[in-house]
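In what follows, a single structure is set out as structure tokens and then discussed.
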Amino acid sequence: MSVNQYGLERDIPDSVKRVVRQECGNGCVICGKLPYEYEHFDPPYKDACEHKAEGIALLCSSHHTDKSAGRLSVQTIKKRRSKPYNQGQSAIWTHHLTEDILFLDVGGNILHGHSVGLSINGTVIIGMKAPATSDGQWLLAGAFNDPYGTGTLQFCDNEVQIHRGSWDFTMEGTTLTVRSGPRKVVAQVSFRPSDNVISIDKLKMKLANGHNLLVGKEGIRIKGSQLNVELQRNISLKRSGKSIVLGDNQYPDVEFTTLAVNYSVLGNSKDWCN
């Protein structure tokens, strides 16, 4: 592991990273973009004796290059860190998915087709729609909240919005992770276009009347005092008029209902969020 002249390791402790992410608005302090890199700017890493959060800023790859090339000054970074681009607003990641084929993996259940997704009582949890043109993008829809009713992620076309109320959010490699506390992952989504898949790896989400939606390696589950439903993994569905509907078939067969769970006791989005 590399160290500087004072023996300081390159790796920043997780606790310090979290403070930096929160203070920088979970995005580049200059433009707000994701993904980002951790930049020691005051002092630079080579002169640092410790990892101090106030001397580290989040920079996108473009502005990190500008800093390294001398086109972005320490003074500017310092000013923007004190009032980052995302201050008072949610961070947004814009994806560019133009693959010919793309699969949506929800807890090990593979969905593919023109318009696929998971819905509960007509409310879209996660949906994916194929490009309208040969050079277009795959579009997403849906929203997550945590087990306490706090919004975490929202999907709108080619953007993923990270709600400001989240305790912590990271974007490392292909994976977005939201935590409600230390080691408490409430949402994890992997974007792996090289494997032609978007994967909902983990989700813990509040529904109505004491019920929760749980997505993980074991499949999709809804647990509560009045209802327990399980949809085990390894189901493969192509959206060509075929769906799995659990419960009352009272909601219209619209987009993103390849997997549809319809029980009135689960409520809708108005009941799920604080």
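Numbering follows this note's numbering, in which position 274 of the sequence shown is assigned residue number 274; successive positions increment by one, without gaps. Note that beta-carbon positions come from the ideal geometry of N, C-alpha and C, so glycine has one too.
Using only alpha-carbon positions, find the residue among LEU231, GLU255, GLY136 that is nearest to HIS112. GLU255
For PRO13, which residues from the same chain have a beta carbon less than 7 angstroms from its beta carbon, with the 5 sequence-adjacent residues on both sides left out? HIS51
Short of 8 angstroms in beta carbon distance, which residues of its chain neighbour GLU9, apart from the five on each side in sequence? Order them along the chain. MET1, SER2, VAL3
What residue does the alpha helix (DSSP H) around SER194 start on, and which one ends it? Careful: SER194 lies outside any alpha helix (DSSP H) and carries neither H nor E.
Distance, Cα to Cα, LEU259 vs VAL160? 22 angstroms
Note down the Cα distance separating SER115 from SER194, rounded to an integer number of angstroms. 21 angstroms
Contact check, ALA57 vs PHE41, beta carbons under 8 angstroms: yes
Could you tell me the boundaries of the alpha helix (DSSP H) in which ILE77 lies? 74 to 82
CA-to-CA distance, PRO43 to LEU72, given in whole angstroms: 15 angstroms
Confirm, please, whether the CB-CB distance from ALA187 to LEU153 is below 8 angstroms. yes
Under three-state DSSP, which class holds ASP204? With the sequence shown as reference, residue 204 is identified as Lys, and Asp is not the correct amino acid for it. Strand, per DSSP.
Jot down the residue ranges of each uninterrupted alpha helix (DSSP H) in the segment 127 to 191, minimum 4 residues, whole runs only, in chain order. none
Between the C-alpha atoms of VAL261 and ILE120, what's the straight-line distance to the nearest angstrom? 5 angstroms
So is ASP337 buried or exposed if we call it buried at 16+ other beta carbons inside 10 Å? In the structure as shown, the chain begins at 1 and stops at 274. Residue 337 is therefore absent and cannot be evaluated.
Measuring CB atoms only, is the segment 195 to 202 touching the segment 100 to 111, in the sense that at least three cross pairs come out at less than 8 angstroms? yes
Under the three-state reduction of DSSP, which class applies to LEU34: helix, strand or coil? coil
Contacts around LEU34, its chain only, beta-carbon distance under 7 angstroms, and the 5 residues preceding and following it disregarded: GLY27, ALA91, TRP93, MET171
Tell me the residue span of the alpha helix (DSSP H) that contains THR65. 61 to 68
According to DSSP, simplified to helix, strand and coil, what is LEU227? coil
My assumption, with CB atoms under 8 angstroms, is that ASP146 sits in contact with SER190. Please give the rounded CB distance. With 8 angstroms as the limit, ASP146 and SER190 do not qualify as a contact, their Cβ atoms being about 19 angstroms apart.
How is the alpha helix (DSSP H) around SER15 delimited, first residue to last? 14 to 23
Count the other C-beta atoms from every protein chain shown that fall within 10 angstroms of the C-beta of HIS211, then say buried if there are 16 or more, exposed otherwise. buried
Using a Cβ-Cβ cutoff of less than 8 angstroms, which residues in the same chain neighbour ASP11 once the five nearest sequence positions on both sides are dropped? MET1
Less than 8 angstroms separating the beta-carbons of GLY149 and HIS163? no
Rounded C-alpha distance that separates HIS64 from THR123: 40 angstroms
Which value, in whole angstroms, describes the spacing of the CA atoms of GLN87 and SER243? 42 angstroms
Using DSSP bridges, identify the partner residues of ASN109. VAL106
Which residues in the same chain as PHE169 place their Cβ atom closer than 6 angstroms to its Cβ, once the five residues preceding and following it in sequence are excluded? ASN26, ILE162, VAL178
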